[in-house]
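Undergrad: Right, I'll just put the structure down here and ask away after.
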């Protein structure tokens, strides 16, 4: 069995981080509203945030999929993938099985769009060719977890809060500019604290948004381990993704010359930390389905062969 104390610890930490980050974003937006118009501004910013959350237009999942030039994967082309998805969907208690899509790219990537009622999961050619079924199950479970946890809506709300912060900050800067003659004549005192907040608030909320994204990734890893009963399957998939991403070649050709991006500026957690968290969970006796050693996903690519051969190859990332 998965170690319950480890699961509980990780889950509590992720939930606490999410609450703190959302509270921090809301506090910054409310403070900006208060600085601009007092109590009325505070209430107005809160009401505007709620209205934007419900009324703001959402990007259509089909539009996002069209941007990546995906191809639908039919059950007859990949029966084992859809069997796997059916099991994961049932374990995640989703109302319907997410639709699968194929991206003709050698990069190793997967993403989910949509809602729990109508979800879409896209996987690249690199994922299908480099991972075995056990590892692919971990990746798909991770994406199913994003769908089940409604992470797309969570991150959409965070994006709205970020945009609202920028809007209020720009409005505040405009008011300061209009009031500049009064400041120069000494009729008004320069509000330095307000100026600093207007300058740095958008960056602060942006960093909080990135931190929220990292927290949701950790949470999806945890949920994926519960869905598959196999945390090491996802850990091994992450190791392969890291290996084939090209970082290993850069380290060989230019050791110690690369500049490591600070973690606060990343939308995803460090892969090593994700793997360590997964490996800290006790390996159960039996995964959610049987896998054969070296078993690879069966996907009939004949109908995509012409598309693959005509893809441009900028930097060798697309084939």
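Numbering (my numbering), first residue to last: 1443 to 1761.
Every residue gets a Cβ at the ideal spot worked out from N, C-alpha and C, and that includes glycine.
In this text, all values refer to a predicted model and were calculated from it rather than measured experimentally.
1) Compute the Euclidean distance between the alpha carbons of residue 1614 and residue 1639, then round it to the nearest angstrom.
2) Just list the residues that DSSP pairs residue 1564 with in beta bridges.
3) Could you tell me the distance, in whole angstroms, from the CA atom of residue 1657 to the CA atom of residue 1628?
4) Is the beta carbon of residue 1666 closer than 8 Å to that of residue 1583?
5) So residue 1569 and residue 1581 are in contact, right, with Cβ under 8 Å, and what is the actual spacing, rounded?
6) Run through the stretch 1617-1642 for me and flag every whole alpha helix (DSSP H) of 4 or more residues, listed as ranges in chain order.
7) In whole angstroms, what is the alpha-carbon distance linking residue 1487 and residue 1475?
8) Judging by CA-CA distance, which residue of 1722, 1641, 1646, 1648 is the nearest neighbour of residue 1676?
9) Report back the beta-carbon spacing between residue 1467 and residue 1647 to the nearest angstrom; my notes put them in contact at under 8 Å.
10) Work out the CA separation of residue 1593 and residue 1458 for me, nearest whole Å.
11) For residue 1672, collect the residues of the same chain with a Cβ closer than 6 Å to its Cβ; drop the 5 residues on either side in sequence, then sort them by chain order.
12) If you run the structure through DSSP and keep just helix, strand and coil, what is residue 1710?
13) Have a look at 1545, 1606, 1650, 1610 and flag the residue whose alpha-carbon is nearest the alpha-carbon of residue 1464.
14) Could you tell me the alpha carbon to alpha carbon distance between residue 1538 and residue 1555, rounded to whole angstroms?
15) Excluding the five sequence neighbours on either side, which residues of its own chain have a C-beta within less than 6 Å of the C-beta of residue 1678, listed in chain order?
16) Report buried or exposed for residue 1698, applying the criterion of at least 16 other Cβ atoms within 10 angstroms of its Cβ.
17) Under a Cβ-count criterion, where at least 16 other Cβ atoms within 10 Å of its own Cβ denotes burial, should residue 1454 be classed as buried or exposed?
18) For residue 1453, which three-state DSSP category applies?
19) Less than 7 Å separating the Cβ of residue 1523 from some heavy atom of the ligand HEM?
TA: Once the coordinates are examined:
1) Taking the chain shown and counting its residues from 1, one reaches residue 1614 at position 172. Taking the chain shown and counting its residues from 1, one reaches residue 1639 at position 197. Pairing residue 1614 with residue 1639, the inter-Cα distance amounts to about 10 Å.
2) Within the chain shown, numbered from 1, the residue matching residue 1564 stands at position 122. DSSP, once it has assigned bridges, lists 1543, 1553 as partnering residue 1564.
3) Along the chain shown, read from residue 1 onward, the residue named residue 1657 stands at position 215. Along the chain shown, read from residue 1 onward, the residue named residue 1628 stands at position 186. About 47 Å.
4) As a first step, residue 1583 must be located in the chain shown, where it is residue number 141. As a first step, residue 1666 must be located in the chain shown, where it is residue number 224. Contact: yes.
5) Mapped onto the chain shown, residue 1569 falls at position 127. Mapped onto the chain shown, residue 1581 falls at position 139. That pair is a contact at about 6 Å.
6) 1622-1626
7) What you label residue 1487 is simply residue 45 of the chain shown in a count that begins at 1. What you label residue 1475 is simply residue 33 of the chain shown in a count that begins at 1. In a straight line, the C-alpha of residue 1487 is about 5 Å away from that of residue 1475.
8) Within the chain shown, residue 1676 is the residue found at index 234, counting from 1. Per the Cα distances, 1722.
9) Indexing the chain shown from 1 puts residue 1467 at position 25. Indexing the chain shown from 1 puts residue 1647 at position 205. Right, their Cβ atoms sit about 6 Å apart.
10) As a working mapping, residue 1458 is identified with position 16 in the chain shown. As a working mapping, residue 1593 is identified with position 151 in the chain shown. Answer to the nearest angstrom: the Cα atoms are 15 Å apart.
11) Residue numbering aside, residue 1672 sits at position 230 when the chain shown is read from its first letter. Same-chain partners within the cutoff: 1729.
12) Within the chain shown, numbered from 1, the residue matching residue 1710 stands at position 268. In this structure, residue 1710 counts as coil in the three-state DSSP scheme.
13) Your numbering for residue 1464 matches position 22 in the chain shown. The candidate whose alpha carbon is nearest that of residue 1464 is 1650.
14) Taking the first residue of the chain shown as position 1, residue 1538 is located at position 96. Taking the first residue of the chain shown as position 1, residue 1555 is located at position 113. Roughly 14 Å separates the two Cα atoms.
15) As a position in the chain shown, residue 1678 is number 236, starting the count at 1. The residues are 1577.
16) In the chain shown, the residue the question calls residue 1698 occupies position 256. Unreliable placement is indicated for residue 1698, whose pLDDT of 48 sits below 50; the coordinate value is still reported in the next sentence. It counts as exposed.
17) What you label residue 1454 is simply residue 12 of the chain shown in a count that begins at 1. Answer is exposed; the Cβ neighbour count stays below 16.
18) Within the chain shown, residue 1453 is the residue found at index 11, counting from 1. If DSSP states are grouped into helix, strand and coil, residue 1453 belongs with the helices.
19) The model on display carries no ligand, and the ligand HEM is accordingly not part of it.
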